[in-house]
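Only one structure is covered here, and it is reproduced in the block below.
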Amino acid sequence: MLIFTGPLIGLLVSSFSKTLDPTSFSLWPDDFTFENFIDAERKNVYMYLLNSFVVVGFGLLLQVLVSVFAAYSLARKKFRGMTVVMLLMLATMMLPEEIIAIPLSLVLSDLPVFHANLIGTYAGMILPVGAWGFSILVMTEFMKEVPVELEEAARIDGAGELRIFATIILPLCRPALGVIGVFGFTMIWDQYLLPLIVAPEPSMWTLPVALRSLRSDEETGIGVLLAASLLALLPSIIAFLAFQRQFMRGLTSGAVKG
Numbered sequence: 000m001l002i003f004t005g006p007l008i009g010l011l012v013s014s015f016s017k018t019l020d021p022t023s024f025s026l027w028p029d030d031f032t033f034e035n036f037i038d039a040e041r042k043n044v045y046m047y048l049l050n051s052f053v054v055v056g057f058g059l060l061l062q063v064l065v066s067v068f069a070a071y072s073l074a075r076k077k078f079r080g081m082t083v084v085m086l087l088m089l090a091t092m093m094l095p096e097e098i099i100a101i102p103l104s105l106v107l108s109d110l111p112v113f114h115a116n117l118i119g120t121y122a123g124m125i126l127p128v129g130a131w132g133f134s135i136l137v138m139t140e141f142m143k144e145v146p147v148e149l150e151e152a153a154r155i156d157g158a159g160e161l162r163i164f165a166t167i168i169l170p171l172c173r174p175a176l177g178v179i180g181v182f183g184f185t186m187i188w189d190q191y192l193l194p195l196i197v198a199p200e201p202s203m204w205t206l207p208v209a210l211r212s213l214r215s216d217e218e219t220g221i222g223v224l225l226a227a228s229l230l231a232l233l234p235s236i237i238a239f240l241a242f243q244r245q246f247m248r249g250l251t252s253g254a255v256k257g
C-alpha cells in the first residue's frame, strides 16, 4: 500500500506546497498555498479540464448505450454472422492506437456516407470512443447469465422487447454497468492520441494533451504541472469510488455458484 500510495501522497502534498523539492517527501506541505492552482488558471488548465469533462461525459454515455444494446443483441438473440461480429470486436482490442492513427484521421476528415469533416470538433473526439469492444464483451457475457425463464415469463405477461430490456435485463446487469462505467471513464479520460489528432487548436485540448504541452513549456513551473496532474488524477479516483460497489460486484459475479 505504501509503495502505491507514496507517489500519490507526494503529488497531493507537492501540489499545495510553495517551495518544491522533487527529491524530498513529506506528509504535510511546506508553506501551504493555493498559488499553484491559481497559476494553473492562467495556463488555461481549467479550460482543458472542462474539455475533458465534455468529452468523457458524452463519450461515456454513448459508449454505455452502444454497449448495452449491442450486448443484448449478441447475448439474447441468434443471427447469422454472430461469431464473425464477436471476432471483429476482439480484433479491435488487439490493435494499438498508433496503428489506426492515420486511418482514423482520414475517416474523421471525411466521414463516410455523411462526408462531414469532424476534425476540430468535439464530435470527432466523442464518436470514436462510442463503441469499445471491451465494454460490449463484458455486457454480453453478463447478459448471457440472466435466466431465459425471466424473459419468457415477461413475454407471456405481454411485455414487449423494449420493456423486457429496460425492466428485466438492465436492472440485473447493474454490476456489469459499474464495471464498464469505471473502465470506460478511465479509457476515455486518458485518451491522448485521439484528441491530439482531432484538436488542431489548444482551445480544444483535453487535459492529457495539455499536460504534455505544459511539461515542455519552460515558463511553466513544476508547481503548476503538479497541480494539473492532481486535477487529472482526481476524476478517475472519484469515478471508481462512485461505482465501487457495482464494480466489485461485477468483478466477482459468477465466481461463486449456488
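If you're matching positions, the sequence shown starts at 0 in numbering that gives the first Met the number 0 and goes up one per residue. C-beta atoms are modelled at their ideal positions from N, C-alpha and C, and glycine is treated no differently. Computed from a prediction, not measured in an experiment: that's the story for all the values here.
- A residue is called buried once 16 or more other Cβ atoms fall within 10 Å of its Cβ, and Lys42 is buried on that count.
- Under the 10 Å beta carbon count, Phe182 is surrounded by 16 or more other beta carbons and is classified as buried.
- For Phe52, the three-state secondary structure derived from DSSP is helix.
- Counting along the chain, the unbroken alpha helix (DSSP H) around Lys143 starts and ends at Gly132 to Lys143.
- Separation of the CB atoms of Ile187 and Val128 is rounded to 5 Å, and the pair is thereby assigned contact status at 8 Å.
- Judged by DSSP in its simplified three-state form, Phe31 adopts strand.
- The Cβ atoms of Ser66 and Ile163 lie no closer than 8 Å to each other.
- Put simply, the backbone Cα of Lys77 is about 46 Å away from that of Leu230.
- In the DSSP assignment, the residues bridged to Ser16 are Phe31.
- Judged by DSSP in its simplified three-state form, Trp204 adopts coil rather than helix or strand.
- Listed in chain order, the non-local C-beta contacts of Tyr47 below 7 Å within the same chain comprise Trp204, Thr205, Leu206 and Ala209, local neighbours out to five positions each way being set aside.
- Between the stretch 107 to 120 and the stretch 186 to 202 there are three or more inter-stretch CB-CB distances shorter than 8 Å, so the stretches are counted as touching.
- Taking 8 Å as the cut-off, the beta carbon of Val63 is found closer than this to the beta carbon of Leu176.
- If you draw a straight line from the Cα of Ala69 to the Cα of Leu105, it comes to about 26 Å.
- For Arg79, there is no enclosing alpha helix (DSSP H), as DSSP gives it neither H nor E.
- For Gly132 against Met92, the beta-carbon gap comes to about 5 Å, under 8 Å, which counts as contact.
- In the displayed model, Gly222 falls within a helix according to three-state DSSP.
- Sequence-distant partners of Glu97 (beyond 5 residues in either direction) whose C-beta falls short of 8 Å from its own C-beta, in its chain, are Leu192.
- Spatial neighbours of Phe57 in its own chain (CB-CB distance under 8 Å, excluding positions within 5 residues in sequence) are listed in chain order as Tyr121 and Ile125.
- About 5 Å separates the beta carbons of Ala74 and Thr139, which is inside the 8 Å limit, making them a contact pair.
- Relative to the Cα of Ala152, the nearest Cα in the group Lys143, Phe141 and Ile168 belongs to Ile168.
- Closest in alpha carbon position to Ala241, among Phe184, Ala226, Gln190 and Leu225, is Phe184.
- For Glu151, the enclosing alpha helix (DSSP H) starts and ends at Val147 to Ile155.
- If you draw a straight line from the Cα of Asn35 to the Cα of Phe113, it comes to about 45 Å.
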